[in-house]
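The block underneath contains the structure these notes are about, expressed in structure tokens.
Protein chains in written order, with my numbering: chain A, 1 to 319; chain B, 1 to 369.
Have a look at this one:
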């Protein structure tokens, strides 16, 4: 990943991920939440983003799957893990006329409109030389008039990505190749009553809460904090961790779910515990979000703070 | 601004203060891609839904040459008249962009919206939003539909927005009122080569072309007056342009709308017409839904482009143009556009070379027609 060093350079983030409109409104506080939401970590292509996460956690290492693992203490083990990846795309084809086609990555789309949220929008192609601004094409409004239009949702098979190249040779010259990751432009919106919106805002906010909480000194026992790869590809990161770093007495799985603001969601997950016995007893601690799995997935900062405190308490008193 | 435009103040070109001989700096050479980018990017990053064009108008004003004496008419149109006498040639590009306005504030603080201009609603569903209060732009989100299900339709139905307050009182406390406009946040971005993307290139590119051309015109050397007009409310029915036409009546010999040529240059479009490739120069928009350019004018534009070495295309596309409002006074309309992909979407794409060529065409017509 030759662009990995550039990926989280603050100035580049501004250029790529902050629309001019963000400068119109009052400056939002710079939070770890913002930073995490702006990161791109398409399933299977999380390395650059997790490099940045790892730098936040002194003593953390990478395991064979690519998970970031902070392993402290001895004795009965508690795993506290947050998935970091996102359903995205890779370049599936390069047309002779310079447009790219896409292949979705992740076992499945979050829902039937997921691909449609990309139509006619800005995306970033993480090319071999540098990240490139691009757009997903859409029919011109003017040229649809008077012509029959279906009402079936846009899917990945309808997507053509325009990086501005006139032909395939220009695509290659720009450093774009098959399998380069492609993701929607990561815009963060602070609005209303301490709300933050953005793509995958729930998951990334949950991970930010864990990264902040991980600064706490562990209580008794062994505490393993992990940021996982490939959750959206059959939980590969979690499986590897369970098999290589386990067994754990218990696992706290941190993520997000649809729910009303004001109350963290906690529930026992017997299914995962049965499937991956190395995890021990599994509890899901979930950040409630609205507008789930949309470009404006929304988190309450009050809930974020509550999650951070809850996880800090779990780590500090792990036993 | 709506509701005030019908107050006719007389001949706008007189109000515009025509400029002739004054001390002024030397006229610069032909525009470069870098200068074109500097101008159009600033315009693209200004917001101006139809009827609320002030931020864009202000941006245009700050980029005019020092000799220009811009004025604003009763419809909000911005004028610069170069040369002496009544304008014989009129260029008109529009300031406004598509968007929404607020029609109701619900008890939960969310906003009911009305589209301003034509576009595909699904492109706004579940995307970031801005509410423009006139003094600031407040962040919000366009809401996703209430339920998706397994087999949703493409269209989301009516679009609503959420400023995140949770109550009508909270929304009103932010200063949000009925009639205020909403857009999606936007930014200009360079693509590969000389191509670029942004929302509202339609018609900030035309507006930029007028600025770039004006910078290269010495009004004292014009043989007749030329009006450069940045119009309002084009997207909702050519309303600003109609005011201009009613002001000038049959005085001009020609009007040239400088507006988008919606191009079929994409794999998604039918190639039956409008196939003007991006990057191959401005386009005589010879036939659209509002006007047919007289053949002699198309031929004249082609000859002029050839004589100046400007790549130039001729085509037919869809849409209406501001110049067509002059038809009621018998003034011929010769619109010139530039190829645009993905019109009225957040992802419009242009080639900056086409903007340079467009500005050169405007300059050439102003000096020679």
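Positions of the beta carbon are idealized from the N, C-alpha and C atoms, including for glycine. Small disclaimer: the values here were computed from a predicted structure and weren't measured.
Integer-rounded CB distance, given that residue j should sit under 8 Å from residue i
i                     : j                     : result
residue 60 (chain B)  : residue 295 (chain B) : Not quite, the Cβ-Cβ distance comes to about 33 Å (not below 8 Å), so this is no contact.
residue 166 (chain A) : residue 279 (chain B) : 7 Å
residue 370 (chain B) : residue 336 (chain B) : The question about residue 370 (chain B) has no answer, for chain B in this structure spans 1 to 369.
residue 161 (chain B) : residue 213 (chain B) : The pair is not a contact, with the Cβ atoms about 38 Å apart (cut-off 8 Å).
residue 230 (chain A) : residue 101 (chain A) : Not a contact, Cβ separation roughly 23 Å.
residue 359 (chain B) : residue 152 (chain B) : Not really, about 44 Å apart at Cβ, beyond 8 Å.
residue 114 (chain A) : residue 87 (chain A)  : 7 Å
residue 262 (chain B) : residue 317 (chain B) : 5 Å
residue 153 (chain A) : residue 112 (chain A) : 6 Å
residue 90 (chain A)  : residue 105 (chain A) : 6 Å
residue 268 (chain B) : residue 160 (chain A) : 7 Å
Assigned exposure category for residue i - 16 Cβ within 10 Å defines buried
i                     : result
residue 121 (chain A) : buried
residue 356 (chain B) : buried
residue 33 (chain A)  : buried
residue 243 (chain A) : exposed
residue 29 (chain A)  : Unreliable placement is indicated for residue 29 (chain A), whose pLDDT of 40 sits below 50; no coordinate value is reported for it.
residue 321 (chain B) : buried
residue 43 (chain B)  : buried
residue 255 (chain B) : buried
residue 271 (chain A) : exposed
residue 385 (chain A) : This structure cannot speak to residue 385 (chain A), because chain A is shown only from 1 to 319.
residue 106 (chain B) : exposed
residue 309 (chain B) : exposed
residue 135 (chain B) : exposed
residue 247 (chain B) : buried
residue 270 (chain B) : exposed
residue 116 (chain B) : buried
residue 289 (chain B) : exposed
Option in the options with minimal Cα separation from residue i
i                     : options                    : result
residue 156 (chain A) : A:38, A:82, A:93, A:274    : A:93
residue 67 (chain B)  : B:195, B:33, B:27, B:41    : B:27
residue 139 (chain A) : B:343, B:364, B:358, B:332 : B:343
residue 70 (chain A)  : A:213, A:287, A:113, A:31  : A:213
residue 210 (chain B) : B:199, B:231, B:200, B:193 : B:231
residue 207 (chain A) : A:102, A:307, A:45, A:175  : A:307
residue 187 (chain A) : B:111, B:197, B:126, B:176 : B:126
residue 79 (chain B)  : B:99, B:98, B:58           : B:58
residue 234 (chain B) : B:62, B:249, B:92          : B:92
residue 234 (chain A) : A:40, A:257, A:185, A:83   : A:83
residue 372 (chain B) : B:260, B:319, B:253, B:239 : This structure cannot settle anything about residue 372 (chain B), because the visible part of chain B is limited to 1 through 369.
residue 103 (chain A) : A:183, A:37, A:133, A:142  : A:183
residue 252 (chain A) : A:236, A:314, A:160, A:303 : A:314
residue 236 (chain B) : B:140, B:95, B:303         : B:95
residue 282 (chain A) : A:255, A:292, A:302        : A:255
residue 74 (chain A)  : A:164, A:63, A:218         : A:218
Neighbouring residues, chain B, relative to residue i (Cβ below 9 Å)
i                     : result
residue 103 (chain A) : What residue 103 (chain A) touches in chain B: nothing, since even the nearest Cβ is about 17 Å away.
residue 36 (chain A)  : Within chain B, no residue comes near residue 36 (chain A); the closest Cβ sits about 17 Å away, beyond 9 Å.
residue 45 (chain A)  : By Cβ distance, chain B contributes nothing, its closest Cβ being about 21 Å from residue 45 (chain A), past 9 Å.
residue 31 (chain A)  : Per Cβ cutoff of 9 Å: no residues; residue 31 (chain A) is ~15 Å from chain B at best.
residue 165 (chain A) : 191, 192, 193, 195
Closer than 8 Å at the beta carbon, the chain B residues around residue i
i                     : result
residue 298 (chain A) : 141, 164
residue 259 (chain A) : Neighbours of residue 259 (chain A) on chain B: none; closest Cβ ~16 Å, over 8 Å.
residue 94 (chain A)  : Here the premise fails: no neighbours, minimum Cβ distance about 13 Å.
Alpha helix (DSSP H) segment containing residue i, residue limits
i                     : result
residue 116 (chain A) : No alpha helix (DSSP H) holds residue 116 (chain A); DSSP gives it neither H nor E.
residue 304 (chain A) : 301-316
residue 142 (chain A) : 141-144
residue 210 (chain B) : 201-214
residue 41 (chain A)  : Premise fails: residue 41 (chain A) is in no alpha helix (DSSP H) and is neither H nor E.
residue 247 (chain B) : 239-248
residue 55 (chain A)  : 47-55
residue 59 (chain B)  : 54-62
residue 359 (chain B) : 352-368
residue 94 (chain A)  : Element bounds for residue 94 (chain A): not the alpha helix (DSSP H) but the beta strand (DSSP E), 88-94.
Segment limits, beta strand (DSSP E) that includes residue i
i                     : result
residue 107 (chain A) : Note, residue 107 (chain A): premise wrong, no beta strand (DSSP E); not H, not E.
residue 266 (chain A) : 265-268
residue 157 (chain A) : Premise fails: residue 157 (chain A) is in no beta strand (DSSP E) and is neither H nor E.
residue 299 (chain B) : Residue 299 (chain B) -> not in any beta strand (DSSP E); alpha helix (DSSP H) instead, spanning 295-308.
Interface residues of chain B facing residue i [CB-CB closer than 7 Å]
i                     : result
residue 143 (chain A) : 262, 264, 269, 274, 318
residue 99 (chain A)  : 267
residue 190 (chain A) : 139
Under 7 Å from the C-beta of residue i: neighbouring residues of chain A
i                     : result
residue 150 (chain B) : 112
residue 50 (chain B)  : Ordered by position in chain A, no residue passes the 7 Å Cβ test against residue 50 (chain B), which lies about 15 Å from the chain.
Min CB distance residue i to chain E below 9 Å
i                     : result
residue 135 (chain B) : The chain labelled as chain E is not found among the protein chains of the depicted structure, namely A and B.
Neighbour list for residue i in chain A, Cβ cutoff strictly below 9 Å
i                     : result
residue 349 (chain B) : 135, 137, 162, 164
residue 279 (chain B) : 166
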